[in-house]
Every structure is written in C-alpha cells, then in structure tokens.
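Residue numbers (our numbering), protein chains in the order written: chain A, 4 to 453; chain B, 4 to 453.
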C-alpha cells in the first residue's frame, strides 16, 4: 500500500515552502531539529538547486551522518566536492561498513588519501572491511561485535559488560568464540538477563544459528534474516574465524534495494537512480534503452513492410494490427513481472520451472480464446467481414500463447546466461509480441486475401 | 541484485526431486529438519499438487508456524480446509499480531468460532488486537511488551527480569509507563547492562523516541523504522496509553510487500498474488486487465481508422506508425516507474512536483529530438521520401514529450484521486502514447498528402 495521505509529509512541505520563500534562517532551524535520516530524505526529495543550499545549511558535525543515509548517486555528488581530509573528518564516528560503503564510491587514489588522513585506529579497523565487495556479507559487516569465551560464568559476563561504556546498537547477542577467535555460538542478552548467573556460557549459548560466510551474496543474507527474524548475525572467514557481525538495519536497505531493482530494471532503469537527477543526466541515462527499443521497433516495421501489398488492398488490417500487438504486450508483461518477482524471492527451481512455463501457456490459451471471441465479433461487425474477424481471432490466440511462453521463458533464459532477468521485460518482450502479432495477423490475412 | 546463482537453493531442488520421485519418506525427513520459514518457502515455490502433499507431510505441531509464514493467498487456501477448532489449535503459541492476521483472512462467523474454541486467556489477549486493520500500527502490534515504572532502580529491574522465564524475542528496550499505563520512555537493555544498578530508571530512560499512534498507516511505520534503525517501537492509543509494541521482523514484511506492490501494480497485478496459482485462477485474475487494455486498444484503432484514405495512398505509414507508438510507450513507462517509486518512498511534495513534471518534459524534448534525427534519416532513406522522414520526426518529438508529461502527471493525478498511482502504468499510459502517436503521425501525414 502506498500512502495516499497528503498529510504524511508535512515537514517536508514546510521546508520546501521556506526554501522557496528564501527564509533560510527558518530552514536551518528546521534542519537542526531533524534526524540525519530525515535530512537525507529531504535532500533526496529536492531538485538539484535546493540541494546545494540545503547541504550548506546542515551543521558540519551532522553532515557525515546525513551523507551516510543518502543514496549512492547523491552521496558521490557531495563527496566529489570534498577534500580527502574533509571526508576523513566527516565519516568519523560512523559504522565501519558505512564508511567502507562511502569510500568505495570514490576513485581508489582518493580512498587511499582519505585513509591516510584518518587516525591510526580508525584506519586499521577500516582496512579490515574495505576490501569486501559491498554486495557481500563482508560489505555489510561491522567490527563492533562483543565477544566472550564459553567457559565464563554469566556472572563474569555481566561484570565484563558493566566495564563497557556502551554496547553497540542492535546488539541482541554476545558472540561466543574460542581462544583462536573461532565462532562457536551466541549468548542472547535475553538469556543472560533471565538465567541463573552461576551458569556457564557454554551451558546456555545457542549453537543452532550458523555464522554467515564473508563472501555470501547480500540477497542471500537478506533472505536468511527475513526467514529467521534475526536482529544480527555473525560473519566468519573460511576458517570459521569471526570477522564481524551484520545488523538488521543494513539488511533492510538490501531488501529495499533488491525489491526496487526488479521494479526499475523492468523499465531499463537502475535502482540507484536519483529521482531528482538533473535533465541532462536523466536524458542521457534513459536514451540507451530508447535506442535499443528503436532497433527492435524497426524490426517490427520490417515485418509489416513484407505485407504492404495486402495492407494496400485491405486497409482495415492497418487499423486492427495494433490491437493484436498491444494485447500480446500486456499479457507478456504480466508473465514477466510474475516471473521476475518469483526469481527475486528465490522461488524458482528445477522442479517447478516447467510447471510455470506450461501454466503461462495455458493461461495464454484461455485468455486468448476468451478475448479472441470478443475481438472477432467487434472486428467482423465494424468492417462487415467475418473473414477479418476469424483472422484477428486466430492471431490473438497465437500471440497470447506466445506472450505467456516468452514472458516465462525469457527471464529464465537470461538468468541462466547470468544476465539480469528483469531486462527481459519491456523492450525485449514487446519485440517478441509485436513481431509475432504482426506476422500472425498479416500473414494469415495475406494467405486468405492471396 | 537478484541472485543468478543456481546453487543458492539447493535444498529446495533436493526436496523437489524427492517429491518427483515419490520418495515421501525422504521428503518428510527433510521437512522435519527445516525451519518453519523454509518449509513455507518450499510450499510457496511448489505447484498446486505438490503443495497438498507437502502440507500433509508437515508435523501437526509445526503447521501453525508454517502457516504463519505463508502469503495471504496460500494461507487462506489451507485455512479454508480446516475446522475452527483445528485453527485454534494450530495458532496456539504464535504471536498475537500473527494470529490476528490469520483470523482476519477468515469470514467473520468462522473467526468467531475459532475465538470460541481458544482458551480464555488467548482469546482475551487476541480480542485486544483483532479489531485493528492489518495495514495500521495496531495490526502489526504484539502485546508481549515488558513494562516497568520510572521510579524503580536498575537493580530492582534486573531482579524483576530474572523472575521471568523468558524475555520476548526482539526485545531491545523495556517500556517505561506510568501507574495509569501511559507511555513515558524506553530503557534499552544495552543501557541496563552497562549502568550503575543504583541509578533509577527515570535517570537513564530515553524519552526522545515517540510512541506510534495505533492508527498510523503501516507504510509510515515502516518508514520510521527504516529511518531510525529501530528494532522495536511502542504503540499507544489516543490517550497515550501503551497498547503493545511493533518489532522489526513484522516491519520487514511490510517493506517487502510495499516494494512488491509497485512492481506488481504496474502490470495490473496484486502483490499478494501466489506465484504458483492454478491455471484457471491465474487466467481469471489477469483477464480483467486485458479487457481494459482491449477497450483502449480499440480506441487507438478508431484513431487509425480516421486516416484510412491516407494509409491506402501511402502504405509506408502503416509500416512506420508502430515505431512512433512504441518509442512513446517505452519513454512513458520510464517516467511512470520513476514517479511511482518516488511516491512509494514518500519523496514527492508540493515543492518538487512541478519541477519533476517539467524535468520529464525536458527529457522528452531532448530524447525526442535525438531519436527523431535517427528515425527520420532511416525512414527517409528506406522509403526514399524526405517528407516521410520529416513527418515521423515531428511525430516522435510530440509523442516523447507527451510520454514524459503524462508519465509524470498521471500517477500524481491518480494519487490525488486516492487511486493507486501505479495503475497509471501499462494500460493507461500506453493508451495515451498510442493515441497521441497515431494522431500526430497520421494527422501530419494526412495534412501533407492532402
């Protein structure tokens, strides 16, 4: 459900109005009262010119946290205007994985300079996480886990904790490791708080939750968090040594991005795309997909041109042919969308693939037959020709079966070729349904009218 | 990123194979070793016939938890085969909000019977949450919060906790309330564990996190969790009295469903749609959208029929006209997708609306001009007619500007009418771009060729 309530973004509206009226003092006051995430949301929801103004109005010591909450594209925009030393200063106090994400946006030589400008301790910690790709468990990981040994009693653990100034956010478990830092289990704070303090960690720790390998893809990490309702999870290297932990807040971002990815990719767009990117950048980005579509549109035109004689004699064909193509396009889009979502959710496997393809074909037959009857009647009456009705009916059935089959098969095929299956939508699919639609309709007509 | 790795769902594959070979003993053994969420995922990824077999093979005392993890559609399918007493038994031990979700699927009289069949305590607790709509804070809420008073010392709180058998999952804070159960603040377990036990709760509690009103829409709840990295949050009634708490695992489901909603709605589908729904149900569900599209396709055909004379004389028009329509369709889909995502993320407000509409128009002009040159050259050479080149170029520019404008305006308009903006995609948008494309191209041609 998307919020249709215009009241829900009142604060945003208010800042926008103050900005428009140029009362910058008000804006600055409002910004100071905002959470970093809200300020970031405001920046993301602002056209380019207001953004620069807003960014300048944000307190220096808050800019790091705001930067951290921004999408990749906007982050890079602000970052590239900063000196390495400024970046080092801004990112002080952020989580390691967040700093690593920010640094990975920058060119390698700049990253190096930023690391140089950091204090020794920050740099040492960062160097542990920065080399992991940001779409793996390693890239989502923090090094702030609190670790304990299995042979301690809870009483000792409680006293050990009390020596800490603070416990990191989203800490639901203490991580139990061996002397050699190998992961062996988790001690939930929930257990620690209700159990007899004389028990040992070993007696009470959970060993059922496996640690995540550092190279696990981020979408799989997200699936595990979702399925098991985890708040945090330990990450280990190939020898089982603890490297850090992943927390749910970072996983939520992955879930959001993955879901956005399917949506945007079906239109040939990138999920990192900034909604308020300037005109030229937006135009440049969308033009490639239009170019691909133009090539395929000419393909469809070439098909039609084979039947010019027939169209010249029966001009009704030119009138009706977009109907066949359009119905195929819609039916195909429905199949592709269902398949792409199913793949993103990890629902497709060797045992159900062929069932799904067949199901889509059957749905194409049923809906093809149903709407063929309607279209045939309408067309026959309109042009006073039962022949045209029969021809368009046959073409409709053929095209809706094709749409169902190709809507299911194309994404599966792309996935096997390790290409993003969502790219099967839009351009590629409508090429198939346009071409098949025109060939079926005009070909049958040419055969009939000779 | 969607996982292109065929290895990531190995266990699923294995069960599917065992099921195919009919070695039900193996399947049953594998099911017993699975987490409920994984078993649910397996059911959702199975064609209808295997589902019934799998469901029977799941241990009775696990069926409740598996049921809880299923999507709405599949949940209802299994539920409707059960007696009220069985439902009452299955749902024993689930979280209140989950049981409420399940019961809300059933007809009112069945829900009543299930409640009757529950033990007194369960029923009393459930009746507190079942009347809240499932897309509000109330519908996401559990009643398992641990509450404390502000005047206690931490030492007393620690002893109070130790009297509990267990603390509910995803408990990161104890909730501080007045004698009259009014919410006043949170005491994080993290704080409790590191602070001097002689301090009072009042000295250490957080009062900055506002409680959520029980009628807050679920997408707004999700946005707050996302922006503030919450693990749980208290829910209050209009008098500020504590009703329960919401935990991140339920919020993650909302985020996933909201993101899925945009994707599916753009193809005229429902986000609850079961990927493996049987043929007839699938066909019935998709046929409406096809019917709507048929009406609009006839509209486009009617436009073309106005220009039959011109097409009869210059048959090249019939060949080229789908190019203009297709380019408009793609450009419009890109605009709609960007707008729908921005709305789902709450990025649109009165201050940036007109900027976005203008930006889309400018992008239409730029990409329209760019591809008009290419299309004009190709068409002029193909049909050896500079006139046709000029006509298609002009039509392209007109249609790409229309596509950008309507792709931005239609979703905004639907939102204002409190209709789901994603429904502006697909059918509605391509009607506009088809009609405008045909009118522009054929109209200009008719004017030129007389």
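All residues carry an ideal CB built from backbone N, CA and C; glycine is no exception.
- Interface with chain A (8 Å Cβ-Cβ cutoff): residue 32 of chain B is excluded.
- Under a criterion of Cβ atoms nearer than 8 Å, no residue of chain B is adjacent to residue 201 of chain A; the nearest Cβ is some 12 Å distant.
- Within the segment 275 to 301 of chain B, complete alpha helix (DSSP H) segments of at least 4 residues are not found at all.
- Per DSSP, the unbroken beta strand (DSSP E) holding residue 190 of chain A starts and ends at 186 to 191.
- Rounded to whole angstroms, the separation of the alpha carbons of residue 350 of chain A and residue 295 of chain A is 30 Å.
- The CB of residue 365 of chain A comes closer than 8 Å to the CB of 282 and 286 in chain B, given here in chain order.
- Contact annotation: the segment 347 to 366 of chain A does not touch the segment 430 to 438 of chain A, with fewer than three C-beta pairs closer than 8 Å.
- Annotated as proximal: residue 410 of chain A and residue 363 of chain A, with beta-carbon spacing under 8 Å.
- Neighbours of residue 330 of chain B in chain A, taken as residues whose beta carbon is under 8 Å from its own, are 293, 296, 297 and 300 in chain order.
- If you compare the alpha carbons of A/298, A/299 and A/276 with that of residue 288 of chain A, the shortest gap goes to A/276.
- For the pair residue 223 of chain A and residue 152 of chain A, the Cα-to-Cα distance works out to about 29 Å.
- Ranking A/134, A/36, A/29 and A/79 by CA distance to the CA of residue 47 of chain A puts A/79 first.
- Measuring C-alpha to C-alpha distances from residue 210 of chain A to each of A/228, A/198 and A/237 identifies A/237 as the nearest.
- Per DSSP, residue 333 of chain A lies in no beta strand (DSSP E); the unbroken alpha helix (DSSP H) holding it starts and ends at 319 to 347.
- Around the CB of residue 395 of chain A, 16 or more other CB atoms lie within 10 Å, so the residue is classed as buried.
- At least one C-beta of chain A is nearer than 8 Å to the C-beta of residue 38 of chain B.
- The C-beta of residue 123 of chain B comes no closer than 8 Å to any C-beta of chain A.
- As DSSP reads the structure, residue 247 of chain B sits in a beta bridge with B/238.
- Nearest CB-CB separation between residue 267 of chain B and chain A: below the 8 Å threshold.
- If you keep only unbroken alpha helix (DSSP H) runs of at least 4 residues inside the segment 28 to 91 of chain A, you get 39 to 47, 51 to 60, 63 to 72 and 75 to 82.
- In this model, residue 256 of chain A and residue 233 of chain A are separated by some 15 Å (Cα to Cα).
- DSSP places residue 391 of chain A outside any beta strand (DSSP E); the residue lies instead in the alpha helix (DSSP H), whose first and last residues are 389 to 419.
- With a threshold of 16 other beta carbon atoms within 10 Å, residue 200 of chain A falls short and is exposed.
- The segment 322 to 336 of chain A and the segment 435 to 445 of chain A touch, with no fewer than 3 CB-CB distances between them shorter than 8 Å.
- Less than 8 Å divides the Cβ of residue 297 of chain B from the Cβ of residue 378 of chain A.
- With fewer than 16 other Cβ atoms from the protein chains shown falling within 10 Å of its own Cβ, residue 451 of chain B counts as exposed.
- Two segments are said to touch when three or more pairs of C-beta atoms, one from each, lie closer than 8 Å; by this definition the segment 62 to 72 of chain A does not touch the segment 255 to 275 of chain A.
- Three or more Cβ pairs closer than 8 Å define a contact, and the segment 130 to 142 of chain A falls short of that threshold against the segment 156 to 176 of chain A.
- At a cut-off of 8 Å between C-beta atoms, residue 214 of chain B does not count as an interface residue with respect to chain A.
- Contacts with chain B at 8 Å (Cβ-Cβ) include residue 164 of chain A.
- Note that the C-beta distance between residue 279 of chain A and residue 49 of chain A is below 8 Å.
- In this structure, DSSP gives residue 231 of chain B a helical state, which the three-state scheme calls helix.
- Of the residues B/313, B/252 and B/212, the one whose Cα lies closest to the Cα of residue 98 of chain B is B/252.
- C-alpha of residue 341 of chain B to C-alpha of residue 415 of chain B: approximately 12 Å in a straight line.
- At a cut-off of 8 Å, the C-beta of residue 146 of chain A has no neighbouring C-beta in chain B.
- Residue contact with chain A for residue 217 of chain B: absent (no Cβ-Cβ distance below 8 Å to any residue of chain A).
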